[in-house]
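Going down the list, the protein sequences come from chains H and W. Quick note, the working numbering runs 180 ahead of the 1-based positions in the first sequence. Quick note, the working numbering runs 180 ahead of the 1-based positions in the second sequence.
Number of protein chains: 2
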Amino acid sequence: MKFCSECAHPVSLQIPPDDNRMRYVCSNCGAIHYQNPKMVIGSIPVWERDGELRVLLCKRAIEPQYGFWTLPAGFMENGETTSAAAQRETEEEAGARIQLHELFSLLNVPHVHQVHLFYRATLLDIDYAAGIESLEVALFTEAEIPWEEIAFPTVEITLRAFFSDLKKIRQEGGHFSLHAQDIFKPMRPGLAPK
Amino acid sequence: MKFCSECAHPVSLQIPPDDNRMRYVCSNCGAIHYQNPKMVIGSIPVWERDGELRVLLCKRAIEPQYGFWTLPAGFMENGETTSAAAQRETEEEAGARIQLHELFSLLNVPHVHQVHLFYRATLLDIDYAAGIESLEVALFTEAEIPWEEIAFPTVEITLRAFFSDLKKIRQEGGHFSLHAQDIFKPMRPGLAPK
Ligand SMILES: [Zn+2]
Ligand SMILES: [Zn+2]
Numbered sequence: 181m182k183f184c185s186e187c188a189h190p191v192s193l194q195i196p197p198d199d200n201r202m203r204y205v206c207s208n209c210g211a212i213h214y215q216n217p218k219m220v221i222g223s224i225p226v227w228e229r230d231g232e233l234r235v236l237l238c239k240r241a242i243e244p245q246y247g248f249w250t251l252p253a254g255f256m257e258n259g260e261t262t263s264a265a266a267q268r269e270t271e272e273e274a275g276a277r278i279q280l281h282e283l284f285s286l287l288n289v290p291h292v293h294q295v296h297l298f299y300r301a302t303l304l305d306i307d308y309a310a311g312i313e314s315l316e317v318a319l320f321t322e323a324e325i326p327w328e329e330i331a332f333p334t335v336e337i338t339l340r341a342f343f344s345d346l347k348k349i350r351q352e353g354g355h356f357s358l359h360a361q362d363i364f365k366p367m368r369p370g371l372a373p374k
Numbered sequence: 181m182k183f184c185s186e187c188a189h190p191v192s193l194q195i196p197p198d199d200n201r202m203r204y205v206c207s208n209c210g211a212i213h214y215q216n217p218k219m220v221i222g223s224i225p226v227w228e229r230d231g232e233l234r235v236l237l238c239k240r241a242i243e244p245q246y247g248f249w250t251l252p253a254g255f256m257e258n259g260e261t262t263s264a265a266a267q268r269e270t271e272e273e274a275g276a277r278i279q280l281h282e283l284f285s286l287l288n289v290p291h292v293h294q295v296h297l298f299y300r301a302t303l304l305d306i307d308y309a310a311g312i313e314s315l316e317v318a319l320f321t322e323a324e325i326p327w328e329e330i331a332f333p334t335v336e337i338t339l340r341a342f343f344s345d346l347k348k349i350r351q352e353g354g355h356f357s358l359h360a361q362d363i364f365k366p367m368r369p370g371l372a373p374k
């Protein structure tokens with residue numbers, strides 16, 4: 181940020197009165213321009229037939245991580261709810277209609293000022309189709325997932341926790357629980373979200 | 181937003197290519213200025229002695245809702261995690277040190293572009309003190325809570341769900357679970373967060 185978005189005067193970094201952090205402040209109109217973390221919201225769309233469970237992944241057609249696989253997810257928009265965002269992103273990126281279940285993972289990525297949320301979901305049909313931000317959309321069993329080509333650490337963590345919970349539930353009963361985790365550094369340098 | 185924060189040129193509202201929403205776009209430098217929801221993070225700080233459980237509330241010294249009571253909470257900052265934000269806000273507003281537990285509530289407030297998260301917490305001591313944004317900080321049993329003077333619907337929903345869960349757990353066992361709710365309109369017109 182270089183200029184005030186209210187009056188076009190140059191801004192400077194300073195700590196406002198009654199604050200303890202550097203902010204972009206406009207000395208002309210007095211506006212303080214706060215910058216806050218963004219939420220990235222997605223779903224874990226599942227299709228289960230004959231005891232075989234598959235999840236829907238999208239191959240990214242955009243940077244960062246062009247060509248890598250991700251769960252459908254994207255930035256939450258003003259005016260929508262977290263669950264509406266999960267459904268919208270699943271529709272936009274994977275052309276898929278889902279029944280949304282409860283929140284499954286909450287992952288902080290403080291070095292990029294993001295919080296990622298993923299909801300469990302059931303595909304209502306398999307008439308999915310790659311959206312404009314995807315090269316390809318496909319269903320994968322756990323064994324088929326291209327683990328070396330997953331776009332973001334938060335997606336890998338969510339998928340691994342999901343299949344781990346699933347195995348436990350099938351063996352011992354119980355239910356899915358919220359997975360909360362903080363990612364302080366890129367897990368694989370050079371492959372982290374920018 | 182009236183001017184581009186990168187080049188000071190006037191911005192205009194338009195739908196960029198490959199997008200489907202109105203954004204503030206700069207025709208001079210091409211910057212697209214996205215606006216996204218903000219996260220408000222807080223805690224439910226609990227002090228339990230002789231079977232009597234009390235929660236710590238803050239009387240607001242700032243607008244909106246000056247003079248009304250709230251759980252300690254505030255905007256998440258860049259570079260921090262959701263749990264760090266909950267601890268920081270509890271320290272700043274209530275001068276209180278807590279042990280943070282799991283996420284208790286996730287409340288969407290789409291008409292103000294906010295998502296509110298509250299974590300369960302245990303007070304480590306009762307040497308709390310009003311911070312600069314609070315007039316007063318005090319412990320309340322469920323019966324003592326000034327329900328008519330609660331600052332925000334998300335705080336009231338969180339407190340009611342917390343005591344409801346607590347009663348159920350004491351009677352039937354079990355544990356706290358995540359409460360997710362969407363608030364589409366102010367519960368009490370005129371008293372909603374601005
Ligand atoms: Zn200004
Ligand atoms: Zn510009």
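Note that the Cβ used here is the ideal one computed from N, Cα and C, for glycine as well. These numbers come from a predicted model, not from an experiment.
How many Å lie between H:A211 and W:V220 at the Cα?
-> 21 Å
If you draw a straight line from the C-alpha of W:W193 to the C-alpha of H:P326, how long is it?
-> It should be pointed out that residue 193 of chain W corresponds to Leu in this sequence rather than to Trp. If you take the alpha carbons of W:L193 and H:P326, they lie about 40 Å apart.
Of the residues H:H293, H:A310, H:V295, H:F248, which one's Cα is nearest the Cα of H:R277?
-> H:A310
Output, in chain order, the set of chain H residues within a Cβ distance shorter than 8 Å of W:H293.
-> N258, G259
W:Q361 versus W:F332: straight-line alpha-carbon distance, rounded | 14 Å
Contact belief for H:Q267 with H:T302 at Cβ below 8 Å, rounded distance in angstroms = That pair is no contact at about 12 Å.
Give every residue of the same chain whose Cβ lies closer than 6 Å to the Cβ of H:C238, excluding the five residues on either side of it in the sequence, and list them in chain order.
-> So the list reads T250, P252, E273, A274, S314, V317, once near-sequence residues are dropped.
Given that a residue counts as buried once 16 or more other Cβ atoms are within 10 Å of its Cβ, and exposed if not, what is H:N208?
-> exposed
Does the beta carbon of W:K374 sit closer than 8 Å to a beta carbon anywhere in chain H?
-> With a pLDDT of 44 at W:K374, under the threshold of 50, the modelled position of that residue is not reliable, and no figure is offered here.
Determine the extent of the beta strand (DSSP E) in which H:I221 is found, giving its start and end residues.
-> Residues 218-229.
W:T262 and W:L297: beta carbons closer than 8 Å?
-> yes
Helix, strand or coil at W:D362 according to DSSP, with G and I counted as helix | Secondary structure of W:D362 (DSSP, three-state): strand.
When a residue counts only if its C-beta is closer than 5 Å to some heavy atom of ligand 2, which residues count, in chain order?
-> The answer, residue by residue, is W:C184, W:E186, W:C187, W:H189, W:C206, W:N208, W:C209, W:A211.
Give, in chain order, every residue of the segment 190-211 of chain W whose Cβ lies closer than 7 Å to some Cβ of chain H.
-> Flagged, chain order: D198, R201.
Just the chain W side, please: which residues come within less than 9 Å of H:P326 by C-beta, in chain order?
-> Going along chain W, no residue has its Cβ under 9 Å from H:P326, so there is no contact; the nearest lies around 26 Å.
Should W:F248 and W:I330 be called a contact, given that it needs their Cβ atoms to be closer than 8 Å?
-> yes
Figure out for me which residue from W:C206, W:V292, W:P197 has the closest Cα to the Cα of W:P244.
-> W:V292
So H:R277 is in the alpha helix (DSSP H); what residue range does that whole segment cover?
-> Here H:R277 belongs to no alpha helix (DSSP H), and DSSP marks it neither H nor E.
Have a look at H:I349 and W:A323 and give me their C-alpha separation to the nearest angstrom.
-> 40 Å
Alpha carbon to alpha carbon, how far is H:K347 from W:R234? Give it in angstroms, no decimals.
-> W:R234 and H:K347: Cα-Cα distance of roughly 40 Å.
So is H:F183 buried or exposed if we call it buried at 16+ other beta carbons inside 10 Å?
-> buried
Taking only beta carbons into account, state which residues of the segment 214-230 of chain W come closer than 8 Å to chain H, listed in chain order.
-> Y214, Q215, N216, P217, K218, M219
What runs of the beta strand (DSSP E), each 3 residues or longer, lie entirely inside the segment 295-356 of chain H?
-> 314-320
Show which residues of chain H have a CB atom less than 9 Å away from the CB atom of W:T262.
-> Here the neighbours are P217, L286, N288, V295, A360, D362.
Just by C-beta distance, which residues in the segment 311-343 of chain W are closer than 7 Å to chain H?
-> I312
Which of helix, strand or coil does DSSP assign to W:S263?
-> helix
Nearest CA to the CA of W:F284: which residue from W:E186, W:P190, W:P225?
-> W:P225
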